[in-house]
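Reviewing the structure listed below.
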Amino acid sequence: MAVKKRSDLGVIYEFKTWRDITPMNTSAGTMLHNKTGSWRTIKPVFENKTPACQNSCPAGNDIEGWIKLLQQGEYEKAYWHLKREEPFPSVLGRVCFRFCEEACNRIPFDDCVGISALERFIGDRDASLVPHPDLPEYNGKSMAVVGSGPAGMSAAYFGRLLGFRVAIFEKLQVMGGVLRVGIPEYRLPRDIIAAEFEGLAAMGIELRPGTAIGKDISLEELTGRYDYIFLATGAHGSRKLDIDGEDESRRIMSGLEMLRKVSLGEDVACGKKVAVIGGGNTAIDVARTALRMGSAVTVIYRRSEDEMPANPEEVLEAREEGARFRFLAAPERIELNDDGSIKKLICCEMELAPADESGRIRPAKKDGALFDVETDSILTSIGEVPILDYLKGIAGNEKDVVAVDGTLMVNTGGNGKIFAGGDIIDIQRTVVNAVASGKKAAIAIDCDYRSADFGDVLKEISIGNGSALSFSRYMNWNPETPQNIHMVVDSEKIVYDYFEKAPRVMQKTGDAETRKNSFNAYRETFTEDEAQQEASRCMHCGRCIECDNCLIFCPDMSVLPEGDGQFGYEFDYDYCKGCGICFTECPRHAITMVSEEEGDK
Amino acid sequence: MERTTQRMIEIPRDVMTGEELWQPGVLSCQGCGGSLAMKLALKGLGRRTVIVLPACCMSIIVGAYPYSTSQVPLLHVPFETAAAGASGVRAALDIRGEEDVVVMAWAGDGGTFDIGLQALSGAAERNEDILYVCYDNEAYMNTGIQRSGATPAGAWTTTTPDKAVKEESKKDIERIMLSHDIPYMATASVAYPADIYAKFKKIRSIKGTKFIHILSPCPPGWQIDSADSIKVSRMATQSNVFPIYEVENGKYTINVYPEKEVTVKEYMKTQGRFRYITDDAVNAAQEWTDRKWEKLKGMLK
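From first to last, the protein sequence lines stand for chains A and B.
Under this note's numbering, the first residue of the first sequence carries the number 219, and numbering increases by one thereafter.
Under this note's numbering, the first residue of the second sequence carries the number 4, and numbering increases by one thereafter.
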């Protein structure tokens with residue numbers, strides 16, 4: 219089709235100049251005098267919020283913050299940013315329970331972001347000894363940490379960052395507590411723990427292995443020498459089965475004791491067949507350790523697999539390595555031979571009763587449904603209890619745990635300022651919860667030192683709706699963008715239309731045959747490419763990443779980029795009509811609508 | 004069929020932060036799709052553009068004499084003369100040798116589907132070198148929400164009130180325009196701004212009559228919250244009620260295959276104007292939509 223031009227048609231208009239045409243009414247001014255902002259009843263404000271992952275992390279790890287730095291290739295910055303809230307990325311990146319991944323807003327979309335794998339990548343990459351960038355001068359007060367597990371390590375780390383002179387006392391000759399003698403080497407290599415302690419020592423924290431409180435040094439002496447004491451001696455005792463025959467054979471051992479002996483290189487004889495009683499993570503650790511020592515393992519658990527508290531991934535791996543599981547069964551009694559060896563373990567079949575008031579399903583014995591299990595030894599892991607003998611006469615304890623107040627302080631009746639955390643107080647027993655309690659205690663101790671009200675501080679620094687605390691907030695290491703840490707961005711606030719589905723990148727994992735023959739770690743840290751690929755799946759919930767959506771969609775041209783290399787945007791409230799499109803179209807809910815009259819949200 | 008999300012094509016940052024040809028102070032309602040569509044169109048077209056504007060919301064939005072929010076020349080013309088007016092401006096510019104200037108007639112659905120149709124048909128038949136844009140808010144919104152040929156079946160307007168909601172389906176303006184054998188015809192939606200930008204950038208290099216039909220939500224007329232106007236437009240595409248495609252010299256391309264799919268009922272439920280619709284009418288609308296979508300996909304072969 220040829221395009222016709224007017225001139226082709228021969229229509230020629232002859233004006234000497236264009237001024238000869240009849241003058242028309244022509245508008246020259248803009249509409250800028252019309253301040254449409256006066257129409258507004260609600261206004262948008264840029265306000266970063268707490269992502270669901272950070273909200274669910276007991277330690278308040280600012281996951282989105284360091285993933286953003288990771289994506290920019292700023293690995294060292296990401297490392298130190300991570301360590302502001304969660305001090306041990308190499309350790310937690312391996313052994314954490316990963317509440318964050320369960321809460322990830324990507325789950326309703328495709329699959330969670332592999333946060334722990336990324337954390338491990340960051341931790342392993344920069345674990346070298348460089349001076350801590352946030353280290354302050356000493357404030358003149360001292361703090362003794364009893365127990366070198368995750369709670370103690372965390373309290374020491376944050377205590378030092380607050381200016382205290384810190385010493386960690388450890389009963390064993392090796393540092394690390396449950397990380398060193400509870401968690402098997404294939405899950406947490408020993409050099410990783412050692413590197414973390416080198417880091418702590420480099421910060422000026424004194425390490426005192428082989429010093430048991432109540433034996434090498436008394437608690438009274440400690441309270442005399444240090445201004446503050448933090449107790450984190452962990453739960454290293456085991457609950458008993460409480461059945462006939464239990465106390466009469468050395469072939470019946472607590473799983474924890476077995477793990478400790480293996481970790482310390484002591485001799486443990488399990489025999490060819492091992493029965494592990496319990497369904498928690500310790501039971502799985504015990505079972506897999508026994509497998510690695512050449513035993514055939516049966517795990518006996520009184521509920522069904524769905525109710526098992528152990529991490530499903532580890533249960534799967536244990537199964538791949540050859541562990542057998544017998545669910546809905548509980549030991550009834552043990553028959554012994556004359557030489558003390560086990561003749562047989564008699565178990566009773568169980569059935570599940572409906573959930574009780576606490577919501578947990580109670581197993582009940584089936585009458586007469588007994589069966590035998592042939593085994594050479596029995597390893598029990600039906601629960602850990604703290605051993606608190608050294609506290610006699612100083613601290614009150616209830617239900618096998620140390621009683622503490624809201625600031626984690628122990629009521630000593632005026633005999634020194636003692637705080638407690640980790641598995642010896644009544645919290646969920648995971649590594650990350652222990653780290654969180656150490657952080658909380660350090661802040662509570664600092665509040666005591668400064669005579670600040672911990673309750674007031676808590677309101678300022680608690681993250682989301684959980685109990686996690688922001689150490690950055692406490693230290694005023696605030697981000698440039700205003701942040702409402704109390705508001706959580708869950709999946710309902712995410713606009714999934716702006717995201718693309720992407721498969722999750724998994725860490726390379728060794729096959730079961732190789733795994734079960736050695737205590738070596740079998741999972742590989744991400745390569746840089748893998749880490750970048752997985753990090754790109756993060757949706758940055760609640761945090762502006764300059765995606766330009768607000769700028770593009772504003773029908774009133776009232777979103778102005780900061781410019782001059784500055785991050786972010788500003789609203790032009792002279793013209794913003796408060797329609798709220800930027801608020802609904804922000805993919806990650808980094809904009810809040812505020813009432814004009816009251817300033818309410 | 005490859006699924007596309009909204010961010011697969013992007014508007015360059017320097018374009019978004021650069022020269023603003025559609026200045027603030029506009030008289031549009033809160034959440035107006037029309038003002039947004041114009042802003043994005045001018046981002047794609049650039050300064051060498053003349054707008055020809057018949058009676059429509061936009062002739063109010065742009066401001067009254069002696070003010071105008073538009074930073075490119077804009078000519079107000081009577082209701083039925085958008086295409087004729089644009090043809091005239093084109094002729095004048097050609098005489099002055101300013102052939103690189105794009106003449107854009109920008110009319111609402113009333114000025115396109117109903118009142119301006121003969122002028123548009125004439126211009127398309129002559130294959131005038133103009134761009135005709137219909138920003139479609141599916142009723143005469145400027146005069147107070149009266150039914151137009153673009154109003155979908157089942158929608159409330161002041162002239163199809165309450166229990167007498169519109170029964171007739173929306174006029175198929177795309178097919179009308181395509182039967183004029185014009186070189187470029189496209190649909191677009193403010194929910195997919197990068198697509199609008201890309202299309203307006205592209206038409207600069209196409210000679211002859213270009214027609215772009217933009218779905219442009221009207222919060223008061225559709226009875227939706229102003230904050231939801233983009234979300235509802237997006238659902239129009241996700242439900243295939245308003246598919247986004249272009250036809251270049253007879254070749255069909257579907258530009259957006261939404262990742263998420265919604266039903267026509269879900270789309271209608273978001274809007275107050277559909278609150279009187281019967282279940283039968285919803286089913287009929289779903290069938291009508293499916294039939295049109297299948298037909299469109301058939302055109303790809």
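Glycine residues also receive a C-beta, built at the ideal position from the N, C-alpha and C atoms.
Could you tell me which of the options sits nearest to residue i, measuring between CA atoms?
| i | options | result |
| --- | --- | --- |
| residue 528 of chain A | A:383, A:514, A:518 and A:502 | A:502 |
| residue 286 of chain A | A:545, A:779, A:741 and A:760 | A:760 |
| residue 172 of chain A | A:510, A:555, A:570 and A:436 | Residue numbering for chain A in the displayed model covers 219 to 819; residue 172 of chain A lies beyond these limits and cannot be assessed. |
| residue 35 of chain B | B:153, B:144 and B:14 | B:144 |
| residue 590 of chain A | A:598, A:578, A:624 and A:550 | A:550 |
| residue 212 of chain B | B:30, B:48 and B:130 | B:130 |
| residue 370 of chain A | A:467, A:650, A:673 and A:692 | A:650 |
| residue 472 of chain A | A:675, A:597 and A:682 | A:597 |
| residue 335 of chain A | A:557, A:806 and A:746 | A:746 |
| residue 766 of chain A | A:804, A:774 and A:792 | A:804 |
| residue 206 of chain B | B:223, B:188, B:221 and B:194 | B:188 |
| residue 712 of chain A | A:269, A:258, A:252 and A:580 | A:269 |
| residue 110 of chain B | B:219, B:263, B:264 and B:13 | B:219 |
| residue 176 of chain B | B:168, B:162, B:198 and B:151 | B:151 |
Exposed or buried, what is residue i when buried is set at 16 or more other beta-carbons lying within 10 Å of its beta-carbon?
| i | result |
| --- | --- |
| residue 348 of chain A | exposed |
| residue 358 of chain A | exposed |
| residue 748 of chain A | buried |
| residue 308 of chain A | buried |
| residue 686 of chain A | buried |
| residue 159 of chain B | buried |
| residue 68 of chain B | exposed |
| residue 63 of chain B | exposed |
| residue 695 of chain A | exposed |
| residue 859 of chain A | Coverage of chain A is limited to positions 219 through 819, which leaves residue 859 of chain A absent and any answer about it impossible. |
| residue 460 of chain A | exposed |
| residue 729 of chain A | exposed |
Determine which residues share a DSSP beta bridge with residue i and list them.
| i | result |
| --- | --- |
| residue 204 of chain A | For residue 204 of chain A there is no data in the structure shown, the boundaries of chain A being 219 and 819. |
| residue 369 of chain A | Per DSSP, none; premise fails for residue 369 of chain A. |
| residue 426 of chain A | A:387 |
| residue 635 of chain A | A:446 |
| residue 392 of chain A | In DSSP, residue 392 of chain A forms no bridge with anything. |
| residue 569 of chain A | A:582 |
| residue 213 of chain B | B:134 and B:187 |
Mind checking if residue i is an interface residue toward chain B, Cβ cutoff 8 angstroms exclusive?
| i | result |
| --- | --- |
| residue 264 of chain A | no |
| residue 672 of chain A | no |
| residue 715 of chain A | yes |
| residue 251 of chain A | yes |
| residue 632 of chain A | no |
| residue 223 of chain A | A caution first: residue 223 of chain A carries a pLDDT of 30, below 50, which makes its placement in the model unreliable, though a value can still be read off. It does: the Cβ of residue 223 of chain A has a partner Cβ on chain B nearer than 8 angstroms. |
| residue 248 of chain A | yes |
| residue 254 of chain A | yes |
Measure from the C-beta of residue i to each C-beta in chain A and report whether the shortest distance is under 8 angstroms.
| i | result |
| --- | --- |
| residue 14 of chain B | yes |
| residue 305 of chain B | One cannot answer for residue 305 of chain B here, as it falls past the ends of chain B, which runs 4 to 304. |
| residue 293 of chain B | no |
| residue 34 of chain B | yes |
| residue 266 of chain B | no |
| residue 1 of chain B | An answer regarding residue 1 of chain B cannot be provided, because it is not within the stretch 4 to 304 covered by chain B. |
| residue 237 of chain B | yes |
| residue 39 of chain B | yes |
| residue 127 of chain B | no |
| residue 233 of chain B | yes |
| residue 225 of chain B | no |
| residue 2 of chain B | In the structure as shown, chain B starts at 4 and stops at 304, and residue 2 of chain B therefore has no counterpart that could be examined. |
| residue 52 of chain B | no |
| residue 144 of chain B | no |
| residue 86 of chain B | no |
- Message: So if I threshold CB-CB distances at 8 angstroms, which residues from the stretch 776 to 806 of chain A count as touching chain B?
- Response: Answer in chain order: 776, 779, 781, 790, 792, 793, 795, 796, 797, 798, 799, 801, 802 and 803.
- Message: Short of 8 angstroms Cβ to Cβ, which residues in the stretch 746 to 775 of chain A face chain B?
- Response: Taking 8 angstroms as the Cβ-Cβ cut-off against chain B, the residues of the stretch 746 to 775 of chain A that qualify are 765, 766, 769, 770, 771, 772, 773, 774 and 775.
- Could you run through the stretch 188 to 204 of chain B and flag, in chain order, every residue whose CB is less than 7 angstroms away from some CB of chain A? Cβ contacts with chain A: 196.
- Query: Given a limit of 7 angstroms on CB to CB distance, which residues of the stretch 60 to 71 of chain B reach chain A?
  - Reply: Within the stretch 60 to 71 of chain B, the residues whose Cβ lies closer than 7 angstroms to some Cβ of chain A are 66, 68, 69, 70 and 71, listed in chain order.
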